[in-house]
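J.: Following my numbering, the numbering of the sequence shown begins with 455 at its first residue and continues without gaps.
Glycine is no exception: its CB is placed at the ideal position from the N, C-alpha and C atoms.
Just so it is clear, the structure is predicted and the values come from calculations on it, not from any experiment.
The structure under discussion is supplied below as structure tokens; questions concerning it will follow.
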Amino acid sequence: MSLFLRKPNIEGIIRTLVCGRRQSKRPISQKDIMSVCHMVRSVFLQEAMCLRVNAPICIVGDLHGQFEDLLRILNTSGHPPQQSYLFLGDYVDRGHRSVETITLLFCYKICYPDKIFLLRGNHESEVLNQVYGFFDECKRRYTVKLWKTFVDCYNCMPVAAIVSKRVFCCHGGLSPHLSCIEQINQLKRPTEIPSEGLLCDLLWSDPHHTAYGWAPNKRGVSVSFGRDTIERFLVRNDFDLICRAHQVVEDGYEFFAKRQLVTVFSAPNYCGIFENSGATMKISENLTITFDIYPAKNSTPHTSTLIRLGPRESGKVFRAAMRIKNAIKPPRFQRSSEY
């Protein structure tokens, strides 16, 4: 019988990862992880490249192998299916427990495909893994064959989502090649991340405070986009907000362009040096948006910002007043310009 036909005990793997102590470098066998990858790949291919999901939902940004912080989020907000989730990508690289991070999320996706949604980030990439750590982690703890199996899954993941017809979500940002949302669904899978074009931009682009229209990206990949570009995109598609990840921000979330775009970053004390808070964004059934803040030090999370996306009239959106509480601001913070 083929290895990939062996069906693992998914619930047992979840219990081991969530409840078990880290007693060995291989808490889950390679055979089981490879079977999980094979199963979740089929689930991804049944989904659209641009997902349509409904609130209530919790949106999670970059995790980068910080497995303990993933558990902290799940223990605070609830594990699936108690809570629905949309993850914006970058599950691996840099952190020391990328295997556990992405395996647990894949298992939840298999068990509860309508409760957890996983988008691809720019680090779900064969090229970046070989530079930023996940390739080395798989090789050290398991084998290169396992890493190649993960890469095959990356190439099938969706890349964007729309929440309750109001919030557009992706890992990176907008693209000059994006005229209508249906273009995203026309992207073919499986696929590598190209060096330019629509798919590249959705995973790599960044907002820029001084840019007008489109500008070169200081990362050397993709583009930067200005406030005017954001506003045109929202009006053209009848959206209220863009939610993306991809950049470490001081409080775990950061608004841009008069609160028309928000960056969510969920890995506190990123790489052990940034002293940033992490955050998740929750959208309630009545479209109230709050942010749970996870301080760099392992203290109690707290809720920071409240937004209400109000009713529409003649295509216009009426928003209630926003109440913002100050989040913990670590000293000496600098925005990351790395990949």
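Buried or exposed for Leu473, going by 16 or more other Cβ atoms inside 10 Å?
T.: As a position in the sequence shown, residue 473 is number 19, starting the count at 1. It should be noted that the sequence gives Cys, not Leu, for residue 473. With fewer than 16 Cβ atoms within 10 Å of its Cβ, Cys473 is classed as exposed.
J.: Pull the bridge partners of Tyr545 from the DSSP assignment, please.
T.: Looking up residue 545 in the sequence shown gives position 91. In DSSP, Tyr545 forms no bridge with anything.
J.: Let's see if you can read the secondary structure: which residues bound the beta strand (DSSP E) around Phe571?
T.: For this step, residue 571 is matched to residue 117 along the sequence shown. Unbroken beta strand (DSSP E) run through Phe571: 570-572.
J.: Under a Cβ-count criterion, where at least 16 other Cβ atoms within 10 Å of its own Cβ denotes burial, should Leu695 be classed as buried or exposed?
T.: Start at 1 with the first residue of the sequence shown, and residue 695 comes out as number 241. The residue is buried, with at least 16 neighbouring Cβ atoms inside 10 Å.
J.: Measuring alpha carbon to alpha carbon, tell me which residue in Thr557, Leu528, Ile467 is nearest Cys491.
T.: For the purposes of this step, residue 491 is taken as residue 37 along the sequence shown, with counting starting at 1. Closest by alpha carbon: Thr557.
J.: In chain order, what residues of the same chain lie with their CB nearer than 6 Å to the CB of Tyr562, ignoring the 5 residues before and after it?
T.: Locating residue 562 in the sequence shown gives position 108, where the first residue counts as 1. These residues qualify, in order along the chain: Pro534, Ile570.
J.: Would you decide whether Gln701 is buried or exposed? Buried here means 16 or more other CB atoms lie within 10 Å of its CB.
T.: Position 247 of the sequence shown, counted from the first residue, corresponds to residue 701. By the neighbour-count rule (16 or more Cβ atoms within 10 Å), Gln701 is buried.
J.: Taking C-beta to C-beta, are Asn540 and Val613 nearer than 8 Å?
T.: On the sequence shown, position 86 is the one that residue 540 refers to. On the sequence shown, position 159 is the one that residue 613 refers to. Residue 540 is actually Leu in this sequence, not Asn. It is not a contact, given that the beta carbons lie outside the stated cut-off.
J.: Tell whether a beta-carbon distance below 8 Å holds between Arg516 and Asp544.
T.: Along the sequence shown, read from residue 1 onward, the residue named residue 516 stands at position 62. Along the sequence shown, read from residue 1 onward, the residue named residue 544 stands at position 90. The amino acid occupying residue 516 in the given sequence is Asp; Arg does not appear at that position. Against a cut-off of 8 Å, the Cβ pair of Asp544 and Asp516 comes out as a contact.
J.: Report back the beta-carbon spacing between Thr734 and Val514 to the nearest angstrom; my notes put them in contact at under 8 Å.
T.: Along the sequence shown, read from residue 1 onward, the residue named residue 734 stands at position 280. Along the sequence shown, read from residue 1 onward, the residue named residue 514 stands at position 60. With a Cβ gap of about 5 Å, Thr734 and Val514 count as contacting.
J.: Does Met735 come out as helix, strand or coil in the three-state DSSP assignment?
T.: Position 281 of the sequence shown holds residue 735. Of the three classes helix, strand and coil, the one that applies to Met735 here is strand, per DSSP.
J.: Classify Arg502 as buried or exposed, calling it buried when 16 or more other Cβ atoms lie within 10 Å of its own Cβ.
T.: Along the sequence shown, read from residue 1 onward, the residue named residue 502 stands at position 48. The amino acid occupying residue 502 in the given sequence is Ala; Arg does not appear at that position. Ala502 should be labelled exposed.
J.: Among the candidates Met493, Ser678, Leu505, Arg620, whose CA atom is the shortest distance from the CA of Gln640?
T.: Along the sequence shown, read from residue 1 onward, the residue named residue 640 stands at position 186. Residue Leu505 is the option with its Cα nearest to Gln640.
J.: What would DSSP say about His756, mapped onto helix, strand or coil?
T.: What you label residue 756 is simply residue 302 of the sequence shown in a count that begins at 1. Strand.
J.: Return the first residue and the last residue of the alpha helix (DSSP H) that Tyr586 is part of.
T.: Walking along the sequence shown from the start, residue 586 turns up at place 132. Unbroken alpha helix (DSSP H) run through Tyr586: 580-586.
J.: Note down the Cα distance separating Thr597 from Asn583, rounded to an integer number of angstroms.
T.: One-based indexing of the sequence shown puts residue 597 at position 143. One-based indexing of the sequence shown puts residue 583 at position 129. Near 14 Å, if we compare the C-alpha coordinates of Asn583 and Thr597.
J.: Under 6 Å Cβ to Cβ from Gln520, same chain only, skipping five residues before and after it: list those, please.
T.: Stepping through the sequence shown from its first residue, residue 520 is reached at position 66. For Gln520, where only same-chain residues beyond five positions count, the Cβ hits under 6 Å are Gly549, Ala721.
J.: Over what stretch of residues does the alpha helix (DSSP H) that includes Arg698 continue unbroken?
T.: Translated into the one-based positions of the sequence shown, residue 698 becomes position 244. Taken as a continuous stretch (DSSP letters only), Arg698 belongs to no alpha helix (DSSP H), being part of the beta strand (DSSP E) at 695-698.
J.: Evaluate Gly627 with the Cβ neighbour count: other Cβ atoms within 10 Å of its Cβ, from every protein chain shown; 16 or more gives buried, anything less gives exposed.
T.: As a first step, residue 627 must be located in the sequence shown, where it is residue number 173. Result: buried.
J.: Please say whether Ile684 and Leu715 have beta carbons closer to each other than 8 Å?
T.: Counting from one through the sequence shown, the residue named residue 715 turns up at place 261. Counting from one through the sequence shown, the residue named residue 684 turns up at place 230. Yes, Cβ-Cβ distance for Leu715 and Ile684 is below 8 Å.
J.: To the nearest angstrom, how far is the alpha carbon of Leu457 from that of Ala665?
T.: As a working note, residue 457 is residue 3 in the sequence shown. As a working note, residue 665 is residue 211 in the sequence shown. Reliability of the predicted coordinates at Leu457 is poor, the pLDDT of 47 falling under 50, and the value obtained from them is presented with this limitation in mind. Going by the C-alpha atoms only, they are around 51 Å apart.
J.: Which word fits Pro648, buried or exposed, when buried means at least 16 other C-beta atoms lie within 10 angstroms of its C-beta?
T.: As a working note, residue 648 is residue 194 in the sequence shown. Exposed is the call here.
J.: State the DSSP-derived secondary structure class of Glu591, mapped to helix, strand or coil.
T.: The residue you call residue 591 lines up with position 137 of the sequence shown. If DSSP states are grouped into helix, strand and coil, Glu591 belongs with the helices.
J.: Could you please give me the residues that DSSP links to Ala615 through a beta bridge?
T.: Locating residue 615 in the sequence shown gives position 161, counting from the first residue. Answer by DSSP bridge pairing, in chain order: Leu505, Cys623.
J.: If contacts are defined as beta-carbon pairs under 8 Å, then Ala711 and Arg681 qualify, I think. What distance do you get, rounded to the angstrom?
T.: Here the question's residue 711 lines up with position 257 in the sequence shown. Here the question's residue 681 lines up with position 227 in the sequence shown. Right, the Cβ-Cβ distance comes to about 4 Å (below 8 Å), so this counts as a contact.
J.: Whose CA, out of Ser731, Val689, Cys725, lies closest to the CA of Glu704?
T.: What you label residue 704 is simply residue 250 of the sequence shown in a count that begins at 1. Nearest C-alpha to Glu704: Ser731.
J.: Tell me which same chain residues have a C-beta within less than 7 Å of the C-beta of Gly674, skipping the five on either side of it?
T.: Working through the sequence shown from its first residue, we reach residue 674 at position 220. Within the same chain, Gly674 has no close Cβ partners at all.
J.: By DSSP, does Phe772 sit in helix, in strand, or in coil?
T.: Walking along the sequence shown from the start, residue 772 turns up at place 318. Because Phe772 sits at a pLDDT of 26, beneath the cut-off of 50, its placement in the model cannot be relied upon, and the point is left open.
J.: Do you know offhand how far Arg469's Cα is from Arg690's?
T.: For the purposes of this step, residue 469 is taken as the residue at position 15 of the sequence shown. For the purposes of this step, residue 690 is taken as the residue at position 236 of the sequence shown. About 45 Å.
J.: With the cut-off set at 8 Å, would you say Ser538 and Cys565 are in Cβ contact?
T.: For the purposes of this step, residue 538 is taken as the residue at position 84 of the sequence shown. For the purposes of this step, residue 565 is taken as the residue at position 111 of the sequence shown. Cβ atoms of Ser538 and Cys565: not closer than 8 Å.
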